[in-house]
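Participant:
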Amino acid sequence: PPVISAFNFDENLVEGQRASITCNVMSGDLPIDIVWLKDFQSIPSFLNITKERVKFLSYLIFEELRNEHSGVYTCSASNAAATANYSATLTVKVPPKWIHEPQDGRVILRSDHVLACEASGVPKPSIKWYREVGVMKSEIKTDRKFELGEDGSCRVRNVESTDAGSYTCDAINGVGNGLSKSIRLDVN
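When the letters of the sequence shown are read in order and numbered with this note's numbering, they come out as residues 36 to 223.
1) Using only the alpha-carbon positions, how far apart do THR57 and ASN120 sit?
2) GLN138: which of VAL49, VAL210, LEU92, SER215 sits nearest, CA to CA?
3) So HIS135 is in the beta strand (DSSP E); what residue range does that whole segment cover?
4) In three-state DSSP terms, what is LEU92?
5) Judging by CA-CA distance, which residue of ASN208, SER201, ASN193 is the nearest neighbour of ILE218?
6) Please list, in chain order, all residues of the same chain as PHE181 whose beta carbon is under 8 Å from its beta carbon, the five residues on each side excluded.
7) Look up ASN59 in the DSSP assignment and say whether it is helix, strand or coil.
8) Grouping DSSP H, G and I as helix and E and B as strand, with all else coil, what is THR203?
9) DSSP on GLU103, reduced to helix/strand/coil?
10) Among the candidates SER62, GLN76, ILE84, ILE207, whose CA atom is the shortest distance from the CA of LEU92?
11) What is the residue span of the beta strand (DSSP E) that ALA115 lies within?
12) Rounded to whole angstroms, what is the Cα-Cα separation between GLY187 and LEU220?
13) Quick one: Cα of ILE162 to Cα of PHE75, how far?
14) Bridge partners for GLY10 per DSSP, in chain order?
15) Taking 7 Å as the limit between beta carbons, can you name the residues of its chain near ILE134, skipping five residues before and five after?
16) For the candidate residues VAL157, GLU98, ILE69, ARG179, whose alpha-carbon lies nearest to that of LYS128?
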């Protein structure tokens, strides 16, 4: 039966980079048929992945990695005797991008106000809010005044005039520089 050399993807591949992987069928009677699968199905053409075959080697070439390239890639090698498979997982890391970018807000005294801050990315970005008072910048945690949501939002409860000022939202996932946006909250 065919025997495939172990292969794997680099762990720190980022959107926009190039990548390739090689399936080397190191033994087994010829002729050998080599097929690549993604998530155990044939690779869709819209992913623009190039396949190259040289004798008992088959290459997958990614000219520009995208999030949708992430998945399990299987090299399946068959000859008259049997079929052998070997799989490796590709995770494409994606820097944070805004889904809901924080915006300046005008708030009525004693009302509640939600500051939106939502970002996508792989891995999922961690979102932190900061309150700026003078040169001091302190991280906001959920308490009687502030409620941090799963979606990255920050609810300011029962707004007082002292809540006016600058707020900063950071979205960071270790890929690229992350995102940071400062906004002003005005209280009427």
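From the three backbone atoms N, C-alpha and C, an ideal C-beta is built for every residue, glycine too.
Facilitator: This is what the structure gives:
1) 13 Å
2) SER215
3) 129-135
4) strand
5) SER201
6) TRP164, ILE175, CYS189, ARG190, VAL191, ARG192
7) strand
8) strand
9) helix
10) SER62
11) Run containing ALA115: none; DSSP gives neither H nor E here.
12) 17 Å
13) 35 Å
14) For the chain, the structure presents residues 36 to 223; residue 10 sits outside this window and is missing.
15) GLU153, ALA154, SER155
16) VAL157
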